[in-house]
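Participant: In my numbering, the protein residues as written are 118 to 282. Attaching a single structure in structure tokens format; questions to follow.
Dropping the structure here:
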């Protein structure tokens, strides 16, 4: 795998609103924020989590309803693969290219994608399939989610590299 330089570091927390962006400096080099700074950071991540959760619910439901009466969790698989692709793309932009500031990385990767991806649902659905003696579905879910998820992260990084060099 390729080696990339460390991304540039900034020490700001950004509060994103519809009308403005307010920058608050973090208190030290390690970007460990305290008090109000930490509250703003958590708010920004939480807002991203809200967006990701709503996206997951809507898109996952649409995909699963489109699968008809299939017992396989197509909605969850789709969300996991899109989340893996997205995190690969954002990781490449952030880590290797320095295109994302730390506060945007938190909003997008921890917030939106953290709310969007569904590996806890994946695990629960796999356990339910095992419990229901649907071993084929359980095995297919594990192999497809893990194998294709790794491929999707790699593809996201390749896409970012191809587009942004």
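By construction, the Cβ of each residue, glycine as well, lies at the ideal position given by its N, Cα and C atoms. Keep in mind that this is a model prediction, so the values were computed, not measured.
How is the alpha helix (DSSP H) around residue 190 delimited, first residue to last?
Facilitator: Here residue 190 belongs to no alpha helix (DSSP H), and DSSP marks it neither H nor E.
Participant: If you check the beta carbons only, do residue 272 and residue 202 fall under 8 Å apart?
Facilitator: Yes, the Cβ-Cβ distance between residue 272 and residue 202 is below 8 Å.
Participant: Take the Cβ of residue 280 as the centre, count every other Cβ of all protein chains shown within 10 Å, and call the residue buried at 16 or more, exposed below.
Facilitator: Under this definition residue 280 is an exposed residue.
Participant: Going straight from the alpha carbon of residue 195 to that of residue 218, what length do you get?
Facilitator: Distance between the alpha carbons of residue 195 and residue 218: 28 Å.
Participant: Which one of 252, 278, 207, 175 has the shortest CA to CA distance from residue 225?
Facilitator: 207
Participant: Please state whether the Cβ-Cβ distance between residue 233 and residue 179 is less than 8 Å.
Facilitator: no
Participant: So, for residue 263: in the same chain, excluding its five sequence neighbours on each side, which residues have a beta-carbon less than 7 Å away from its beta-carbon?
Facilitator: none
Participant: For a test of the three-state rule: what should DSSP assign to residue 333, helix, strand or coil?
Facilitator: Because the chain spans 118 through 282 in this model, residue 333 falls outside it and cannot be assessed.
Participant: Measuring only the C-alpha atoms, how far is residue 204 from residue 176?
Facilitator: 17 Å
Participant: Just curious, the alpha helix (DSSP H) that residue 154 is in, first and last residue?
Facilitator: 152-183 is the span of the alpha helix (DSSP H), which, as asked, contains residue 154.
Participant: Can you name, in chain order, every residue of its own chain whose Cβ lies under 8 Å from the Cβ of residue 243, other than the five neighbours on each side?
Facilitator: Only 255, 258, 259 meet the Cβ criterion.
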